[in-house]
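Here is the structure we will look at.
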Amino acid sequence: MAEKLALLGGPRAVDTNLTTQIPIVAPAAYKTINDMMIKGEISSSPIVEKFEKKFCEYIGVNYSLCCNNGTTTIQDALFAVGVGAGDEVVVPSFTFWASAGPVAAVNAVPVFADIDEDTQTVTAQTIERCITKKTKAIVVVHVWGNPCDMDPIMELAKARGIKVIEDCSHAHGAKYNGKMVGSIGDVGCFSMQGSKLLAAGEGGVMVTNSREYYERACALGHYERLPWLPDDSPYKKYALTGFGYKHRIHPFAVAIADAALDRLDELNRIRTENAEYLEELLSDVGYIKFLKSYDKAQRVYGYNYVQYLPEKLGGISTFTLLKALSEEGVCCGSCGYGKLHLSPFYNGEGPYGHGCPFDCPHYGEKYTPARKLEVTEKLADTAFMIAPRFETEDKKVVRQYALAYRKILDNLDELVKYEIDNGLVSKKVENYGSSINIFEEEDK
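Dropping the structure here:
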């Protein structure tokens, strides 16, 4: 006889006292930051340049530029490759707003591309449908740590003279065809916000093999670097002023990231082994569709997101599923992605005054982002976080998570009745577009 769901009075499947994650800040960072405070290195520090060189070696690029967050790395990258007023940038709607927001910040407009349902990433085919004579760049997102199929994308971009920016915010350490993501496109952008695989608290790193792009990015938001550019740099003359922004990272954040980089590969190994173990345990549970990866891709598990197939579970809503799982002690949550193309920001008046950038004389036509994105909109309702990152070697909690998902299947009839009796058939989870939207008590 199946064990009763916790939602209906049965025991929880997951012991919530078990540890799934390790402390975000590595012990080595504490001493480094303490030493920096004693030295007075609270605004600038040699550790920034040291970390940039270290990160260059890790990714396999010539230049890296630390920024105050991942969002500004994308703004720096767009400016670096020459995106400006009147230009279009192809970007997925199935992503965090920061992949697209900087497009408007440089006075260009985003054109939202659909995604592949199996990988949840943009493809050369979905991108090509969005390309026009105004397309200047493409922002590809290695969502959840799953690399895009980069070879066809780069071939398409090269043929059209379009620049490629990789948003690697979920994908520190992921590879494609043996190369680190971030080193494949013209520019790579990494967030180091506190929930990321490589965390600094707040911070980001832009990487590139182009001296020109590096120097243009410095000119936009890193005025303090301009005096030290080579004498033949066209941007050195702007050392007094820069170009109006200040994107410098806090050195304490770099100290945290530097210590985290030392253990990144080992933690990624543990995260991957645990995530793949959970997938193996649930491989025959028909209502969960795990992400697929391309043959050339080596993913990392920035986040454990999957697709829910309600037709395989009596049609119960995503809300009801998450509620039942949460009662079992599962740390799970809804997806905040897939809604950018429908948001007021891209469907109203220009937010910066004078109609710009969406009603801009340089653009010269009506901006209409709200095209139908069939797969994106489907996944906006059915993608969900199946589990937190499992960062310890102990597999016990992974097995408990698998048990919780099996309990849902074993008690399907009772769960369907519960949903009907409690008026939850059309209930939806509300969130604000974050990458992590844990199903909390107030949602219940």
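Letter by letter, the sequence shown follows residues 274 to 717 in my numbering. Cβ coordinates follow ideal geometry from the N, Cα and C atoms, glycine included.
Proximity below 9 Å, CB of residue i to CB of residue j
i      : j      : result
Ser442 : Val413 : no
Thr408 : Val362 : yes
Ala373 : Gly359 : no
Val437 : Gly455 : no
Asp683 : Leu564 : no
Glu475 : Asn341 : yes
Val648 : Asp308 : no
Val364 : Val460 : no
Length of the line joining the Cα atoms of residue i and residue j
i      : j      : result
Asp288 : Gly602 : 7 Å
Met427 : Ala397 : 8 Å
Ala572 : Ser566 : The displayed chain sequence assigns Arg, not Ala, to residue 572. About 7 Å.
Val558 : Arg679 : 7 Å
His445 : Met453 : 8 Å
Ile332 : Leu685 : 46 Å
Tyr674 : Lys323 : 41 Å
Pro634 : Val384 : 18 Å
Leu555 : Phe663 : 16 Å
Cys604 : Leu582 : 19 Å
Lys717 : His523 : The pLDDT assigned to Lys717 is 47, lower than 50, so where the model puts this residue is not dependable; a value taken from the coordinates is nonetheless given after this. When rounded, the distance between both Cα atoms is 39 Å.
Glu650 : Lys596 : 22 Å
Cys339 : Lys645 : 37 Å
Glu254 : Ser316 : Outside the shown range of the chain, which is 274 to 717, sits residue 254, and nothing can be said about it.
Arg521 : Glu553 : 43 Å
Thr514 : Leu499 : 9 Å
Leu281 : Pro420 : 40 Å
Ala378 : Gln348 : 7 Å
Tyr487 : Thr481 : 7 Å
Cys491 : Asp694 : 60 Å
Ser708 : Tyr336 : 28 Å
Where residue i falls, given that 16 or more other Cβ within 10 Å makes a residue buried
i      : result
Lys469 : buried
Ile311 : exposed
Trp417 : buried
Phe712 : buried
Tyr560 : buried
Val376 : buried
Ala410 : buried
Arg542 : exposed
Glu600 : buried
Tyr303 : exposed
Ala430 : buried
Phe525 : buried
Asp387 : buried
Presumed contact (8 Å Cβ cut-off) between residue i and residue j, rounded CB distance
i      : j      : result
Cys403 : Glu439 : In fact, because the Cβ distance is near 17 Å, the residues do not count as touching under 8 Å.
Met465 : Ala530 : 5 Å
Gly494 : Thr345 : 6 Å
From the options, residue whose alpha carbon lies closest to that of residue i
i      : options                        : result
Gln580 : Gln393, Lys431, Leu281         : Gln393
Met479 : Phe352, Leu499, Phe516, Gly434 : Phe352
Gly606 : Lys569, Thr649, Pro661         : Pro661
Ala692 : Gly355, Thr591, Tyr496         : The sequence as given places Glu at residue 692; Ala does not occur at that position. Selected option, being the one with the closest Cα: Thr591.
Ala301 : Glu330, Val321, Arg536, Val334 : Arg536
Ala653 : Val379, Lys277, Asn710, Glu687 : Asn710
Thr593 : Leu697, Val356, Ala299         : Leu697
Near the ligand ZN: residue i beta-carbon under 8 Å from a heavy atom
i      : result
Thr344 : Questions concerning the ligand ZN fall outside what the structure shown contains, since it holds no ligand whatsoever.
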